[in-house]
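Residue numbers (numbering that gives the first Met the number 0), protein chains in the order written: chain A, 0 to 134; chain B, 0 to 258. Ideal Cβ positions, reconstructed from N, Cα and C, are used throughout, including at glycine. Quantities reported herein were computed from a predicted structural model and do not represent experimental measurements. Below is one structure, written out as structure tokens, with a few remarks after it.
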Amino acid sequence: MDYRNVLTTCIYCGAGCNLYLQVANDRVVGVLPAKQHPISQGKLCIKGWNAHGFVHHEDRLTQPLIRENGAFREASWDEALTLVADKLQAARADHGPDSVGIMASAKCTNEENYLLQKFARSVIGTNNVDHCARL
Amino acid sequence: MHRLDSLRQAVRELLDAGEVDGVLALRADHGGTVPHLFQSGDDLSDLALWPKFPMPSTVDLLLSMEPEAKLGVVIRGCDERGLVEMAKRNQVDLARLTLLGVACLPDEVAYCPCSKPYPSEITVGEPLEGVVDPRVSEHAQLGRAERLAFWTHQFAKCFKCYACRDVCPQCFCEDCVLENDLWVERGVLAPPFPSFHLIRALHTVGKCIGCHECELSCPADIPLTILYALLRQDAETMFGYVPGASIEDEPPLVIAGVT
């Protein structure tokens, strides 16, 4: 019999509420609020209360997919990230830094989005930073 | 002896006796507390009591997950009352639980505020007099128009997070009527006034034991416990029933085993 609670940051928006994932016999089975957290103060929205829902969902992608000849095949993270880096570098070299746009995400933390715009501006060299919430 | 040391000793003795598979208690974690299953041989030095955390829902989860398991549970008065009402509706089997009762300290009683801040059997602490939430009597003085204006304002803040339901130990229906399109249209805020909150309020009659977790969990700071306390007063006046007071008392609104 194994039951524990793991503190984490909600993945659904940039507010950064903390919550506990209830883990029972190595399955994530529920969510409890984190009363001590300075942002969420023991409160969660409907998404936070259901933040565990996708973890074991059968439709969840658990490894990267690369499309070849119109069909997806499974790939390792190393292969997928190398492919993305190569393509970004090629676009930048052939068409300039402003040929690249970076889409930040509401599902990232504030800090992760900060890093993403830093990557766009300092590494790629573009101010093309936008956000999925604009869609 | 400090009450936490006394409690740790009681938990250790219960685990050493080998009659339970674990003891569910709060553990200090990242500056707060969270329910934790202490098992034989575990370090108990981080066993904690505050901030309080509702235990009955986690008890239900563990008992359902492990149908043969027996648990020790560290409980406050509110936890015990919650478990009693759940047991009356076949949600938990009290025979599988060994309760270690904690009486709340004065500042804890004031924080909630709690009408009976101690369980029926106290392992650590001294029983204190309950306190009445002053907001409840103040609200009862208001006229109908003022009450309507008050709740119209409060319920307009609701954005249907369902935290009041999710955190409530007494909300265990598999199909929640508040997710039924007949009563609550999807994608529309605020929820229908006043039916959304009054449906939930009426469903708590005879069950709500006043743990205040709904209000503590509400991101919109809706003072739900005023509403539930007034309904609890009505139920006591009309039926002489105090939820959680005794496992023997039959809930007034139980008809053919369903509330």
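Nearest to residue i (by Cα), restricted to the options the options
i	options	result
E247/B	H196/B, L3/B and R88/B	R88/B
F238/B	E212/B, G205/B, A228/B and C213/B	G205/B
Q90/B	D106/B, V58/B and E107/B	V58/B
T151/B	L226/B, D92/B, C163/B and G129/B	L226/B
V10/B	A139/B, H35/B and F149/B	H35/B
T125/A	N24/A, E57/A, M102/A and F53/A	M102/A
Limits of the unbroken alpha helix (DSSP H) element including residue i
i	result
F71/A	Taken as a continuous stretch (DSSP letters only), F71/A belongs to no alpha helix (DSSP H), being part of the beta strand (DSSP E) at A70 to E73.
T7/A	Segment Y2 to T8 is the beta strand (DSSP E) holding T7/A; no alpha helix (DSSP H) there.
H196/B	S194 to H202
E137/B	P133 to A139
N109/A	N109 to K117
Y117/B	Segment: none, Y117/B is in no alpha helix (DSSP H) and carries neither H nor E.
Q153/B	R143 to A155
A16/B	R2 to A16
Cα-Cα separation, residue i to residue j
i	j	result
T97/B	F192/B	43 Å
R7/B	E73/A	51 Å
E271/B	E125/B	There is no way to answer for residue 271/B, as the model of chain B reaches only from 0 to 258.
K117/A	P96/A	14 Å
D41/B	A102/B	24 Å
R199/B	R95/B	30 Å
P222/B	L115/A	40 Å
E12/B	S39/B	10 Å
T108/A	Y11/A	9 Å
Y19/A	P32/A	6 Å
7 Å Cβ cutoff, residue i in contact with chain A
i	result
S114/B	no
T258/B	Legend: pLDDT at T258/B = 49, less than 50; position of this residue unreliable, value from coordinates given subsequently. No, no contact with chain A.
D263/B	Outside the modelled stretch of chain B, which goes from 0 to 258, sits residue 263/B, for which no answer is possible.
G31/B	yes
A16/B	no
C157/B	no
P218/B	yes
A68/B	yes
D20/B	yes
E65/B	yes
L3/B	no
P50/B	yes
L215/B	yes
Interface flag, residue i vs chain B, CB-CB below 7 Å
i	result
Q116/A	no
G41/A	yes
A105/A	no
I45/A	yes
L6/A	yes
A14/A	no
Continuous beta strand (DSSP E) stretch holding residue i: start and end
i	result
E67/A	L64 to E67
Helix, strand or coil at residue i [DSSP, three-state]
i	result
P105/B	helix
D129/A	strand
A228/B	helix
I246/B	coil
A19/A	Per the sequence shown, residue 19/A should be read as Tyr rather than Ala. Three-state DSSP puts Y19/A in a strand.
G21/B	strand
G95/A	coil
Interface residues of chain E facing residue i [CB-CB closer than 7 Å]
i	result
Y161/B	Going by chain labels, chain E is absent from the structure shown, which instead holds the protein chains A and B.
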